[in-house]
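Residue numbers (our numbering), protein chains in the order written: chain A, 1 to 399; chain B, 1001 to 1317.
Note that beta-carbon positions come from the ideal geometry of N, C-alpha and C, so glycine has one too.
These figures come from a predicted structure and were not determined experimentally.
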Amino acid sequence: MTRPPLSHLVLALAGKDWQLFWADRRAAVLCFVVPVVLASAFGLIFGRSTEDRAATRLPVAVVVEDDGPFTRRVADAVLASDRLEAVELTRAEAETRVADRRPGVAVVLPRGFERVKDWTPGGGGDRPPVEILHHPTTVAERQWAEGVLTETVMRGLAREKLGGLAGAGGDAFAPPFRTEAAPVTGPGRAHFNAYTHSFCGMTLQYLLFWGMESGLLFLRERQRGTWVRMRAAPVPLGAVLLGKMLATAGIALLMVLVTFGFGRVAFGVTVTGSWPGFVLLALAASGLAAATGLLVAAVGGTEARARSVSILVILGVSMVGGLWLPAFLLPGWVRDLALSLPTTWAMRGLDGVTWQGWGFAAALPSVAAVAGFAAVFLAVAVARLVAADRRGRRGGCPG
Amino acid sequence: MPAALSLQDVRVRFGDRLAVDGVSLDVRRGEIVGLLGPNGSGKSTTLAVAAGVLDPAEGVVAVEGVRRAADPAGFAARVGLVPQDCALYDELTAADNLMFFGKLYGLAGRDLRRRVVRTLSRVGMAGRAGHRVGTLSGGMKQRVNLAAALLHDPPVLLLDEPTAALDPAGRDALFADLARVRDDGHAVLLSTHRLDEAEQGCDRVAVLDRGKLAALGEPGALFRSRASDRAVLYGHLRARPPRFLVRAIRHQLGPRVELDVTGRRLRLAAESSEALGRALARVLTEGVEMDTFHTPPGTLERVLRHREAGARSGVAP
């Protein structure tokens, strides 16, 4: 009897893993359902916030401690602002509610604020303080409130100083310009769909989790009698690893299909850019999942240790790589660091070909980067697994 | 008849330790050879070398003249291995397990399906072909485990402690299967630490001691030569006896009988089977209750006969 062709062996090994995957049908179905549910939830949350942002008014508390007429006018203007959802409270009430983030910011016009009306450009001198109380997590809201207050005070001052000018009244002290917001979505000027971003992110994250799970299964398999029987059969280690890669990548590709298929039907997630670019990215990401699995099996040590470390790493690279939230929310140094992660490139590519309208050439650097990371992971994993196999054959494990 | 499996001067090192030290052994078609020895004696290591999953530091291993170093695939195709742990996927059916392992040996299509049915029938598991392995009993699993090793019809079958997880009925059934396999012309090498299995189930026995081949021969000849050895009985007690009772019984038994009690385990040794029988009767008379006990075969029967004879004569044995 001669050794069967390598392709037969690889297909047999991959087929076995495919059967094992579907043997627990509920677990298998969950592998597809969980990313869909999470992507839908993220899309719902961020989609709504994006669409409603224009109409969003910042909840603010206003505390008025000075009883001067100018202070009252400023307070009334702040309370009437169409960009704020302002309510007047006492300081004690404001402190209690800001601590609970109901609202997250309070503007305090303290005693002595009335002196602001005496300000003259270049006048210098003592400037009365304005306190802005805020919850520790609402830094952006604090800046938002500060901006609105500044504008309101400056308008009030203009009215004070220039009120005698003919025709001054109504909206006469509005800024001498108007703003027009224009979201930039890429060369195709496609309509941004928050679901598309969340489906890209959650699919990538769960591809990595599936890779980890596949690696843990491999780790477990190597402790079992089946591994001894397989190594006694005329099967080279390369065939075993190729079979594992093929099965893991195949299931990962199916996850991409199912997740994006659901996203398209339910939320209109679509590829506005290059379809070949999308397919290449999906293949590269599936390969990355498979290589990650082998890496987990190769360097993981025990199953429990491998699981803990893998979860930590996957969550970390998902967050930093912009899979959960848009990368611009992260500090600059984190965004620079993220360029060294495969998730960043995969996310950038998928965002590009889905809602940013990237062409094939624009997607290629991302494809190359993801495939490159997969190749490096694979090389490290194979080197370690081959070395471990050789050690085992030379008596590394007592029998 | 030339040897189907041949090990010549095999040495295996784990670091500085020689786990197998110069073992030479031939196994012919149509015989079952038992590797007998205590834990750590090198049985599993010798089997791993014979199966080709472990490379010896020195020595030659060949199956029907094919050396692993020269033709690894040809060597592997001629060996069927039943590892100590059940080497099957619990999540798959018995038939799916066999289909998978058959494909690894180049089997495919109708031939593979026919072999799966035939091999499962051979071990009496045809009716469970569609059952998931995880739902089978320990004995059934071991029979499917055996079928997976026989599927590609290898001349050499290797079994590592195949009865370790089986009850007495399962052990008997497995040895009946192995006897049929032997009669079909396979060479069978199995490891065990049970003297009774080696004596009753094997045609020849190789005794390993600290990695060396201490004895090799037919069990009758080997175990007859041990007739002058001390007779030993191992028992599992229903409850742990108080120390004073053990001391008192030991005093009654005298210096020529050894009585060791560790927790609920008991070891009784005497200079002859008859003396062992008398000692056992004394222990039982003192109210020490045993759940189970066993002795090396050949000894147990004599012990029991002695007790029965004593009971019939009305004399305390």
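Chain-ordered chain A contacts of residue i [CB-CB under 8 angstroms]
i: residue 1148 (chain B); result: 229
i: residue 1052 (chain B); result: 232
Per DSSP, the bridge partner or partners of residue i
i: residue 1003 (chain B); result: B:1028
i: residue 1014 (chain B); result: B:1017
i: residue 1040 (chain B); result: Answer by DSSP bridge pairing: none, since residue 1040 (chain B) is not bridged.
i: residue 1008 (chain B); result: B:1060
i: residue 1191 (chain B); result: B:1035 and B:1160
i: residue 1093 (chain B); result: B:1132
i: residue 1237 (chain B); result: B:1290
i: residue 84 (chain A); result: A:58
i: residue 1104 (chain B); result: Answer is none; residue 1104 (chain B) lacks a bridge partner.
i: residue 1268 (chain B); result: B:1233 and B:1259
i: residue 307 (chain A); result: Answer is none; residue 307 (chain A) lacks a bridge partner.
i: residue 1206 (chain B); result: B:1035 and B:1216
i: residue 109 (chain A); result: A:64
i: residue 1066 (chain B); result: B:1063
i: residue 1081 (chain B); result: B:1158
i: residue 1023 (chain B); result: B:1010
Contact list for residue i against chain A, beta-carbon separation under 7 angstroms
i: residue 1083 (chain B); result: 225, 228 and 229
i: residue 1055 (chain B); result: 393 and 394
i: residue 1096 (chain B); result: 19
Limits of the beta strand (DSSP E) - the one that residue i falls within
i: residue 1258 (chain B); result: 1258 to 1262
i: residue 59 (chain A); result: 58 to 64
i: residue 1215 (chain B); result: 1212 to 1217
Chain-ordered chain B contacts of residue i [CB-CB under 7 angstroms]
i: residue 235 (chain A); result: 1104
i: residue 12 (chain A); result: 1100, 1103 and 1104
i: residue 244 (chain A); result: Those within 7 angstroms of residue 244 (chain A) in chain B number zero; the least Cβ separation is about 14 angstroms.
Beta-carbon separation (whole angstroms), residue i vs residue j, contact threshold 8 angstroms
i: residue 307 (chain A); j: residue 216 (chain A); result: 6 angstroms
i: residue 1264 (chain B); j: residue 1294 (chain B); result: So it is not a contact: roughly 15 angstroms between Cβ atoms.
i: residue 145 (chain A); j: residue 60 (chain A); result: 5 angstroms
i: residue 1173 (chain B); j: residue 1139 (chain B); result: 6 angstroms
i: residue 1087 (chain B); j: residue 226 (chain A); result: 5 angstroms
i: residue 94 (chain A); j: residue 106 (chain A); result: 4 angstroms
i: residue 274 (chain A); j: residue 363 (chain A); result: 6 angstroms
i: residue 1240 (chain B); j: residue 1289 (chain B); result: Not confirmed; about 11 angstroms, so no contact.
i: residue 1065 (chain B); j: residue 1152 (chain B); result: In fact, because the Cβ distance is near 18 angstroms, the residues do not count as touching under 8 angstroms.
i: residue 229 (chain A); j: residue 1148 (chain B); result: 7 angstroms
i: residue 62 (chain A); j: residue 79 (chain A); result: 6 angstroms
Contact list for residue i against chain B, beta-carbon separation under 8 angstroms
i: residue 406 (chain A); result: Because chain A spans 1 through 399 in this model, residue 406 (chain A) falls outside it and cannot be assessed.
i: residue 24 (chain A); result: 1091
i: residue 217 (chain A); result: Near residue 217 (chain A) there are no residues of chain B at all, since even the closest Cβ is about 10 angstroms away, more than 8 angstroms.
i: residue 136 (chain A); result: Near residue 136 (chain A) there are no residues of chain B at all, since even the closest Cβ is about 50 angstroms away, more than 8 angstroms.
i: residue 9 (chain A); result: 1103 and 1104
Host alpha helix (DSSP H) of residue i (start-end)
i: residue 337 (chain A); result: 332 to 338
i: residue 146 (chain A); result: 139 to 162
i: residue 134 (chain A); result: Per DSSP, residue 134 (chain A) belongs to no alpha helix (DSSP H); it is in the beta strand (DSSP E), 131 to 134.
i: residue 212 (chain A); result: 194 to 221
i: residue 274 (chain A); result: From DSSP, residue 274 (chain A) is part of no alpha helix (DSSP H); its letter is neither H nor E.
i: residue 360 (chain A); result: 360 to 391
i: residue 1273 (chain B); result: 1273 to 1285
i: residue 252 (chain A); result: 237 to 267
i: residue 1244 (chain B); result: 1243 to 1253
i: residue 1168 (chain B); result: 1168 to 1183
i: residue 16 (chain A); result: 6 to 23
i: residue 1111 (chain B); result: 1109 to 1122
i: residue 230 (chain A); result: 225 to 232
i: residue 1144 (chain B); result: 1138 to 1150
i: residue 101 (chain A); result: Looking at the DSSP string, residue 101 (chain A) is not in any alpha helix (DSSP H), and its letter there is neither H nor E.
Beta-carbon neighbours of residue i, restricted to chain A and to distances below 9 angstroms
i: residue 1086 (chain B); result: 224, 225 and 226
Residue i CB to nearest heavy atom of the ligand ADP below 7 angstroms
i: residue 348 (chain A); result: In the structure on display, the ligand ADP does not appear, and there are no ligands present to speak of.
Next item on the list: With 8 angstroms as the limit, tell me which residues of the stretch 1164 to 1196 of chain B have their beta carbon closer than that to any beta carbon of chain A; keep them in chain order.
Entry: none
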